[in-house]
Every structure is written in C-alpha cells, then in structure tokens.
Amino acid sequence: MTGSVLVLGATGYVGRRLIPRLLEAGYDVRAFARDPSRLRDVSWRDRVDVAQGDLTDYDSLTDAMRGVDVVYYLVHAMAAGGDFGTAELEQARNVARAARESGVSRIVYLSGLHPADEQLSKHLASRVAVGEVLLASGVPTAVLEAGVIIGSGSASFEMIRHLTEVLPYMPAPRWVRNFVQPIAIRDVLHYLVHAAALPEGVHGAYEVGGPDVLRYGQSMNGYAVEAGLRQRPIASLPLLTPWLASQWVNLVTPVPRAIAMPLIGSLTHNCVVGDRSVDAVIEPPEGGLTGYRKAVRLALAREREGDIESSWRASSPAGAPSDPLEGDPAWSGATVLQDARERQTRAALEAVWRVIESIGGERGWYSVPLLWSVRGLADRLIGGVGLRRGRRDAERLRVGDVVDWWRVEEIERGRLLRLRAEMRLPGRAWIELSVEEEGEGSRYRQRAVFLPRGLAGRLYWFSLVPAHAVIFSTMAARIVAAAEERES
C-alpha cells in the first residue's frame with residue numbers, strides 16, 4: 001500500500017494507535033495537532049510530518065491537506081461543554097470543504113454505533129450529524145460506526161473496569177439491561193487502516209462491532225470473570241437518570257463527568273450491529289473478530305505490563321489550559337503566586353531524577369496523603385478529574401502524559417519536569433521539579449506556580465497558604481530522602 005494520509009485527532013486515543021499501523025502499511029503520514037509538543041516523545045515521531053493547526057482554521061486545514069490522498073477524521077468533543085454540537089458541525093464543514101478543494105480522494109470518519117429512528121443523546125446525535133456533513137462533501141467517504149471500544153486505556157474500558165472493581169453490589173440505571181456490541185481496539189484499527197485503500201465507488205456509513213452482543217450488565221460481569229473477581233449482583237433502578245449516573249461514575253471511576261456523560265448517553269440505546277455490509281468492502285481480521293472476553297483479557301495484560309500505547313487521559317478535559325508556562329520573570333503582566341522550595345542532598349543527580357520522574361500514581365506525592373485525598377475528592381465532587389487517573393507508566397514520562405490531576409507539559413530528562421494542573425481551579429497552576437549537580441551531590445528545586453483568575457483566585461491561593469506550607473515542605477524533604485535511600 002502506498003499513498004499519503006492526514007490524521008486529524010493524532011493526539012487522541014485512537015489516533016496515537018492508528019498512526020504507527022499506517023506507517024507499517026506503507027503510508028506516508030501527516031499528523032494534525034493543535035499542540036505538536038504532545039507528540040514529541042512518541043516512538044514514531046521522526047517518521048511522520050506534523051502539521052500544527054485547528055479544525056476551526058480553514059487555512060491550516062488546507063495547508064495540512066496539500067498532497068494528501070486520505071484524511072482520517074478522529075476528532076470528537078467528548079469533554080466539551082456549551083454548544084458543542086454547533087462547534088462540531090462548523091469543524092466538519094471546514095474539513096469537508098478543505099478536503100474537496102484540496103483534491104483529497106477519501107475521508108474516513110470514526111463515528112458511534114447507534115439505532116435508527118430513535119431520539120439520540122446530544123453527543124451521539126452530533127457524531128451522526130458530523131458523518132452526514134462528511135458524506136455530503138463530494139469526497140468519497142467511509143463512516144465507520146463503532147460500538148463500545150475495549151482496549152487498555154480506553155474510556156469505555158476504564159468505566160467498566162472501575163465500576164466492577166469498586167462496587168461489590170451495583171445499583172444501576174435501566175440502561176444496564178440494554179444491549180451493546182463491544183469491539184476490540186485492534187479490530188477498530190483493522191477497519192480504519194483498510195478503509196484507506198477502499199475503491200472510489202465505496203461511499204457510505206458502515207457499522208462495525210465485535211462478535212458478542214451483551215447486555216451492558218453482562219459486560220461488567222464478563223470483566224469480573226477475566227479479572228478474577230466475584231460476579232456482581234446488579235439492580236436496575238428506574239430513577240437513576242443519565243445525569244445522576246454520570247455523577248456516580250465521576251465519583252467511583254477515574255472517568256470525569258465531562259467524559260462519562262456522553263458515554264452514558266450512548267448507553268441509553270440498544271447499540272448493536274444491524275447491517276454487516278462492511279464485510280463486503282473490508283474483510284474481517286485474519287482469524288476473525290476479537291471476542292469481548294478476549295479483548296478484556298488483552299487489555300488487562302497490557303495494563304499489568306505497563307504497556308499502554310495510548311489512553312483517554314491524553315484528551316484534555318474541557319476548560320483545561322493548553323498554553324505553556326511562559327518564561328520568567330513576567331507572564332505577560334499576569335499576577336504570579338509561587339511557593340518555591342529547594343534542598344541540597346548528598347544523593348547524585350540520577351538518583352533524585354528517578355524519584356522525580358516516578359512521582360504520582362501508585363507512588364503518591366511524598367507529602368501528606370490525607371490532604372491530597374481531600375483535595376482530590378473535592379475536585380471530583382465539582383466535576384473535575386480528581387486523583388484517580390494515575391499514570392501511563394510507573395517509571396517514565398513523556399510530554400502529554402497524565403499524572404493524576406496533572407499533565408506533563410515539559411520534560412528535560414535528568415533535569416526538569418513541569419506539570420500543568422487539570423483540576424478545577426480559579427486560575428492556572430503548574431508545579432516544576434528540577435535537579436542539578438552541586439558539589440558531591442545535587443540540589444533539588446521545587447516550585448508551585450499559580451496564575452489567579454480574579455478575586456476568587458487570590459482568595460483560593462491565600463486560603464491554602466497554611467496547607468501549602470505543610471504539603472510542599474514535606475514533599476521536598478521526602479523526595480530528597482527517597483533519593484538518598486535509593487542510592488544507599
């Protein structure tokens with residue numbers, strides 16, 4: 001296979017996995033991203049061309065599509081608030097127009113499996129509308145409508161996993177009895193890769209799903225069996241609305257409310273494949289489609305090995321700041337509040353860096369666990385991400401990785417780690433951890449930076465000064481102590 005492709009949504013869960021498979025298939029790949037730095041540390045970065053831009057910017061789209069044969073549209077407003085439907089339609093129209101005028105030969109769009117002739121949830125209806133815009137573009141288009149995607153790091157899998165593991169007894173909404181047809185991420189990628197080589201005459205929407213049709217409650221207990229857990233009794237409660245259910249998911253799983261809401265909205269319907277016409281244009285994977293239990297088993301194995309290729313965590317939650325921390329001494333005239341600490345240690349630079357790079361997740365924050373937990377719970381209660389997102393790899397980080405409620409914004413391995421906060425705040429916040437050689441040991445530096453928004457931001461910061469004094473001083477001392485203990 002040869003040709004050039006453009007991947008819109010290259011930093012997302014599916015995009016990060018699709019690109020290396022397109023490269024293996026022989027395609028020249030261009031990745032489209034608002035923030036190219038989030039692709040800086042992926043293993044395939046040197047093999048792709050990266051175009052910076054935004055779907056709302058028609059000029060950046062046409063520049064990115066120059067010389068491209070196939071465009072993959074993998075962008076969804078999962079965590080968007082406000083009038084996201086209108087925004088998604090505007091973006092789709094931009095992509096459709098740019099593809100038509102740039103001479104693109106095919107568009108491939110990953111949409112959601114949905115029933116016909118039913119009133120759909122807002123997010124699912126928006127996906128359908130985007131597909132219709134692309135199909136009307138005048139460019140041959142394949143819309144692949146996938147069911148619940150099961151794979152290590154997928155939001156759907158994480159929701160099933162944590163609901164099952166946390167709750168010995170599950171009160172659940174009525175939709176827990178609805179039917180779903182999950183599909184393994186490996187099979188989604190199979191269909192996406194082969195869609196690039198479809199003949200010009202292939203144009204339309206195609207449903208894709210795995211071989212198993214299950215009630216959603218059965219999918220939870222299927223997970224329980226593969227994870228070695230006792231199957232959970234499930235009670236269907238008619239009063240548990242999708243909104244209330246999303247609050248519940250927000251509290252007991254790492255999936256924040258902004259992402260849980262569209263996932264749950266899609267589960268209020270029976271979402272099963274009713275038309276297997278995809279088989280006439282793309283042959284199923286060699287050996288057949290992956291069964292649900294096997295998909296769960298593969299995902300669990302990946303997570304145990306720490307080999308998670310991509311994660312839903314890579315998608316920024318709505319309202320999360322995306323702009324980088326600007327250089328000292330001024331932030332464009334903004335008010336800057338800081339807590340700076342440093343410690344001299346006999347530990348070598350390498351030992352301190354190992355502690356810095358492995359911070360968060362299961363290892364925690366070398367501080368006062370109770371205070372961190374209370375702050376994490378408070379964030380969850382107001383719809384934030386909380387502390388439960390963990391981290392992709394226990395030892396190594398890369399730009400764009402999530403570390404609990406932080407995201408890696410900058411890493412200079414062996415010297416500096418900068419994390420940007422993604423909890424709900426009246427302002428913007430970062431924490432920097434750095435180390436440099438000094439004498440026979442090294443010097444550890446730690447800096448928390450907060451750019452308050454209005455009076456609420458200032459009151460927030462100053463109300464926490466006593467807690468920060470305990471948290472950050474303890475954190476600095478224990479990181480240094482951990483490094484010295486490791487070295488000895």
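Note that the sequence shown covers residues 1 to 488 in the UniProt record's numbering.
Each residue gets a CB set at the ideal place from its N, CA and C atoms; glycine is no exception.
Check	Outcome
Judging by CA-CA distance, which residue of L89, R38, Y444, W44 is the nearest neighbour of L18?	W44
Counting only the same chain and skipping the five closest in sequence on each side, list residues whose C-beta sits under 6 angstroms from that of V75.	L8, G9
DSSP on Q338, reduced to helix/strand/coil?	strand
Could you pull the DSSP bridge partners for I107 from this structure?	V71, T141
Out of curiosity, what's the CA-to-CA distance linking P324 and N270?	Confidence at P324 is low in this model, with a pLDDT of 42, below 50, so its placement is unreliable and the value that follows should be read with caution. Computed Cα separation, rounded: 43 angstroms.
Could you give the first and the last residue of the continuous alpha helix (DSSP H) run that contains Q218?	216-226
Using a 10 Å radius around the Cβ and a threshold of 16 neighbouring Cβ atoms, would you call L229 buried or exposed?	exposed
Give me the residue from V272, L425, S434, A340 with the minimum Cα distance to F179.	V272
Of the residues A299, D275, V166, which one's Cα is nearest the Cα of E226?	A299
Taking the beta carbon of F450 as the centre, do at least 16 other beta carbons fall within 10 Å, making it buried, or is it exposed?	buried
From this set, L370, V355, E165, which residue's C-alpha is nearest A477's C-alpha?	V355
For residue 490, write down the residues that DSSP places opposite it in a beta bridge.	The question about residue 490 has no answer, for the chain in this structure spans 1 to 488.
Out of curiosity, what's the CA-to-CA distance linking V352 and M261?	41 angstroms
Let me know the secondary structure DSSP gives S322 once reduced to three states.	Only weak support exists for where S322 lies, its pLDDT of 39 falling under 50; the coordinates are left without a value.
Tell me which residues share the same chain as N221 and place their Cβ nearer than 7 angstroms to its Cβ, disregarding the 5 neighbours each side in the sequence.	Q231, R232
CB D404 to CB G364, shorter than 7 angstroms?	no
Taking 7 angstroms as the cut-off, decide whether the C-beta atoms of A195 and V104 are in contact.	no
Tell me, please, which residues DSSP counts as bridged to F179.	R215
At which residues does the beta strand (DSSP E) containing P452 begin and terminate?	441-452
Name the one or two DSSP bridge partners that F32 has.	L8, A51
Do you know offhand how far A205's Cα is from G131's?	8 angstroms
For P285, which residues from the same chain have a beta carbon less than 7 angstroms from its beta carbon, with the 5 sequence-adjacent residues on both sides left out?	D187, H190
Could you check where the beta strand (DSSP E) with I431 kicks off and where it finishes?	427-438
So, at 8 angstroms on beta carbons, what are the nonlocal neighbours of S473 in its own chain, with the 5 sequence-adjacent residues on each side left out?	R341
Can you name the start and end residues of the alpha helix (DSSP H) that R100 belongs to?	84-101
Tell me whether W353 sits in a helix, a strand or coil according to DSSP, three-state version.	helix
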